[in-house]
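For the record, the sequence lines run as chains Y and W.
Once you know that position 292 of the first sequence is 292 in our numbering, the rest is easy, because the numbers rise by one and skip nothing.
Once you know that position 61 of the second sequence is 447 in our numbering, the rest is easy, because the numbers rise by one and skip nothing.
Built from N, CA and C at the ideal position, the CB exists for glycine as well.
First up is the structure itself, then whatever we jot down about it.
Protein chains: 2
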Amino acid sequence: MSTKPLIRLMFLGTMLCMSLFALGQPPTGPFVISPQVHADKKVTFSYLAPDAKEVKLSGQFLKAAVSMTKGASGIWSVTVGPVKPDIYPYSFIVDGVNVMDPANAEFFPNERFKGSLVDIPGDKPLIHAVTDVPHGTVSYQSYPSIEGSTGSMVVYTPPGYEKDAAKKYPVFYLISGTTDTEETFFKVGRINFILDNLIAAGKAKPMIVVMPYGNPAARIAEQKGLPKPSDLISREGADAVNRSKMFETDLMTKLIPFVEKNYRTISNRDARAVGGFSRGGGQTLRAGFANMDQFAWICCYSAYLSTPEMESSYRNVYENPDKTNKDLKLLWVSVGNEDFLYNQTVEFLDFLKAKRVNYKSLITGGGHTWMNVKSYFAETAQLLFK
Amino acid sequence: MSTKPLIRLMFLGTMLCMSLFALGQPPTGPFVISPQVHADKKVTFSYLAPDAKEVKLSGQFLKAAVSMTKGASGIWSVTVGPVKPDIYPYSFIVDGVNVMDPANAEFFPNERFKGSLVDIPGDKPLIHAVTDVPHGTVSYQSYPSIEGSTGSMVVYTPPGYEKDAAKKYPVFYLISGTTDTEETFFKVGRINFILDNLIAAGKAKPMIVVMPYGNPAARIAEQKGLPKPSDLISREGADAVNRSKMFETDLMTKLIPFVEKNYRTISNRDARAVGGFSRGGGQTLRAGFANMDQFAWICCYSAYLSTPEMESSYRNVYENPDKTNKDLKLLWVSVGNEDFLYNQTVEFLDFLKAKRVNYKSLITGGGHTWMNVKSYFAETAQLLFK
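This is the structure:
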């Protein structure tokens, strides 16, 4: 092996541990616990790297990356906080290289960057906490998608779904952001636990949530074994509006029919919502505005459509605002005032206002983050299907 | 921000891309496609790191890590192979730091190491390939576990499960290895696609597969907010046999009752199998041998029990071998001849043989790998419940 000493050490350590585990013996060697969340909401992060020259912690609870200190056993660590209770992405920067925390199994599913997640619990359980209430089921589903491809989605069914074979439910189609996957609203957004808690408290209607993978163009290229052109690398790219249309075709002609055939859904527009974050927010607005006969609820988190696009493609929304205001039971737009899309989103709201299209907006602190998305989801989940 | 130039560049690039995506404009900057699997089964791996001094590729398809070459745009790359079709874990070693491939969303769920996965398709679809057959459903489930904790598991239900509300199914309880999670048999083992294919070909009986998290001691400590003692770090550790007993208690008193209450199971020993890999293989043998009145099928992949443990705890298995041979419809043990547990596993088989306990064994090439686990699972899935 031409690997460096650290890697060789870790490899040997792993093999040794596995042997010893199998024999029922204690493991040896330096082990790392990370992160450790303390009672006072301070958090200690640790990373084993005897040969590294510099290790930093980067996290969405920090204004800037902080240096970690090397201990005797080659374990770098830092304690930060107190940190406001929430779930935050973080990573280590090891001699300039961004890495997940190898001691932590909680990760951020994404096609581009790799982050770990730290969960700082509140004194009272936060809205996404795992509490002792009935839990829904989260399923990974394949479905026959456009161009003969196999689509993928994650589906939440509410507590009791399996029990009453006659009961039907409304459906929230929920689309995540650029380079996110169909897992992100589940693994980072924790929408299953949020809904479990809201339903148990009588604050949200029991609903099915369908979370598709949002970039069928990239998936199709992958499944056909085609070389991906550079504008597909990011699984979005050059032709975002056409790609959004492709997603919309998949949603309307493949995904929704599949869901309504295979789940016990209430299959009318009053029981159908569409929502999404970032790129998924744009897709939400486009799919929702083009199909107002199919969706009565539209939830846009941290995204917008430009005035030129509204004028070229979605005149139907504002040319007869009274009809839109009657048809749409909810048009929701929320954004953080530190979001890099904040100004554009405010312009979009101003556009809607000038056109007398009703909406509900929520401007919060914070940026283009999943901490905000969680709170937006929790707000809208309490409005839907009522 | 005190981050290094590379990180800052990536951060700005990400922000720029996200803005441009939202505006429907093409992204700019260096983008990486990795991995790229070519028609001739060669594979190109790429990693953007303008400031790195050395980048290597480490993968389970290689005998040793190979050096990557830096290109003009700061993208390091290497082409290897042809590689035998399969799914392999790999990572990059960037100036000595082991990292996942940031361009690849397919990862290896694990509590210690972080790896990406590359899927080299066969000329004919491999047993785990996504093919155009009816697909089962994979669900993430919570359940009330021991000591008031909330347990987690992943559950496969076969195609058609949702359709026929009267049909009941046998259940395979499947436990993954040390530091693996309840996701590993799904995400790395692809047991859902393997079963979809085998069931469609009439080679396996439709069955439910329940994949619990295998280390309740660590989960309970975590949920209670207890500091984890060092022997829990690896979520196994010092007291493997007692931990295995704790798992067994959870399995027999909490998990199986929950599954049989909430899924349409055939609830008798002939329709109950237990299996597992590595630490999960040890847990399989212990839970199976201690509860032969509950399980008629035992599948041990790349694991064993020592002669002292058999003699101290599982005399019931071999003191009346005729009864065991009649009771157990399958006692399966498989291992690779390069596995670091190979010798101990052969000793275990010799022990069983000397005691006249029947078993089926499969000795393959290869080591303690998920490539082997997939093939073992596919073999045993065709034997179960027949």
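Does the distance from the CB of residue i to the CB of residue j come in under 8 Å?
i               : j               : result
T429 of chain W : T455 of chain W : For the record, residue 429 of chain W in the displayed sequence is Val; it is not Thr. Cβ atoms of V429 of chain W and T455 of chain W: not closer than 8 Å.
I473 of chain W : R576 of chain W : yes
A381 of chain Y : A200 of chain Y : no
Y173 of chain Y : V210 of chain Y : yes
V83 of chain Y  : K124 of chain Y : no
L691 of chain W : G662 of chain W : no
F351 of chain Y : M292 of chain Y : no
N744 of chain W : N702 of chain W : no
G600 of chain W : I561 of chain W : yes
K772 of chain W : R650 of chain W : no
V259 of chain Y : V130 of chain Y : no
L770 of chain W : L727 of chain W : no
Look at the alpha carbon of residue i and the alpha carbon of residue j, and state the distance between them as a whole number of angstroms.
i               : j               : result
T253 of chain Y : A273 of chain Y : 16 Å
R655 of chain W : P643 of chain W : 13 Å
A689 of chain W : V721 of chain W : 7 Å
E338 of chain Y : T345 of chain Y : 12 Å
H754 of chain W : S664 of chain W : 8 Å
T284 of chain Y : D550 of chain W : 34 Å
T414 of chain W : K187 of chain Y : Low confidence applies to T414 of chain W: its pLDDT is 39, below 50, so where it sits in the model is not reliable enough to give any reading.
S502 of chain W : H128 of chain Y : 28 Å
I33 of chain Y  : K631 of chain W : 24 Å
S67 of chain Y  : V423 of chain W : 38 Å
P35 of chain Y  : L57 of chain Y  : 11 Å
T389 of chain W : Y161 of chain Y : Confidence at T389 of chain W is low in this model, with a pLDDT of 31, below 50, so its placement is unreliable and the value that follows should be read with caution. When rounded, the distance between both Cα atoms is 48 Å.
D708 of chain W : L195 of chain Y : 53 Å
T567 of chain W : F107 of chain Y : 12 Å
S375 of chain Y : L126 of chain Y : 10 Å
P144 of chain Y : M207 of chain Y : 23 Å
N729 of chain W : G280 of chain Y : 53 Å
P471 of chain W : Y47 of chain Y  : 35 Å
R498 of chain W : F571 of chain W : 16 Å
Let me check understanding here. Comparing Cα to Cα, which of the options lies closest to residue i?
i               : options                           : result
S747 of chain W : W:Y728, W:W718, W:A767 and W:S531 : W:W718
A296 of chain Y : Y:I266, Y:E319 and Y:G280         : Y:I266
C686 of chain W : W:G674, W:S699 and W:M678         : W:G674
T150 of chain Y : Y:F172, Y:G202 and Y:P212         : Y:P212
K63 of chain Y  : Y:E54, Y:V32 and Y:Y90            : Y:Y90
P121 of chain Y : W:A551, W:Q609, W:L714 and W:F633 : W:Q609
P158 of chain Y : W:Y555, W:K553 and W:Q527         : W:Q527
W462 of chain W : W:Q446, W:V441, W:K772 and W:E646 : W:V441
E379 of chain Y : Y:S145, Y:E347, Y:G282 and Y:N197 : Y:N197
A221 of chain Y : Y:I146, Y:N358, Y:G59 and Y:Y161  : Y:I146
Y542 of chain W : W:E733, W:A657, W:F494 and W:S525 : W:S525
D505 of chain W : W:F771, W:F763, W:L769 and W:M757 : W:M757
F377 of chain Y : Y:Y169, Y:F61 and Y:I298          : Y:I298
G467 of chain W : W:G751, W:K439 and W:A425         : W:A425
V627 of chain W : W:Q680, W:A676 and W:Y529         : W:A676
Q446 of chain W : W:F734, W:F478, W:Y433 and W:V557 : W:F478
R672 of chain W : W:E705, W:Y704, W:E733 and W:E634 : W:E634
F734 of chain W : W:G752, W:Y700 and W:N706         : W:Y700
K353 of chain Y : Y:E319, Y:G365 and Y:G366         : Y:E319
Please classify residue i as buried or exposed, where buried requires at least 16 neighbouring CB atoms within 10 angstroms.
i               : result
P602 of chain W : buried
R356 of chain Y : exposed
E183 of chain Y : buried
A388 of chain Y : Since the first residue of chain Y shown is 1 and the last is 386, residue 388 of chain Y is not available in this structure.
G177 of chain Y : buried
P308 of chain Y : exposed
F21 of chain Y  : At F21 of chain Y the pLDDT is 34, less than 50, meaning the model places this residue with poor confidence; the figure from the coordinates comes in the next sentence. Buried, since its Cβ has 16 or more Cβ neighbours within 10 Å.
K114 of chain Y : buried
N104 of chain Y : buried
L714 of chain W : buried
S312 of chain Y : exposed
G202 of chain Y : exposed
A271 of chain Y : buried
M18 of chain Y  : The predicted position of M18 of chain Y is uncertain, since its pLDDT is 36 and thus under 50; no value can be drawn from it.
Are any of the Cβ atoms in chain A nearer than 8 Å to that of residue i?
i               : result
E248 of chain Y : Here the protein chains are Y and W, and chain A is not one of them.
Kindly give me the distance between the Cβ atoms of residue i and residue j, rounded to whole angstroms, as I take these residues to be in contact under 8 Å.
i               : j               : result
G482 of chain W : D101 of chain Y : That belief does not hold up - the Cβ atoms of G482 of chain W and D101 of chain Y are roughly 17 Å apart, past 8 Å.
L251 of chain Y : M153 of chain Y : L251 of chain Y to M153 of chain Y, Cβ: 10 Å. No contact.
N262 of chain Y : T179 of chain Y : Not a contact, Cβ separation roughly 28 Å.
A435 of chain W : V480 of chain W : 6 Å
V485 of chain W : V99 of chain Y  : 5 Å
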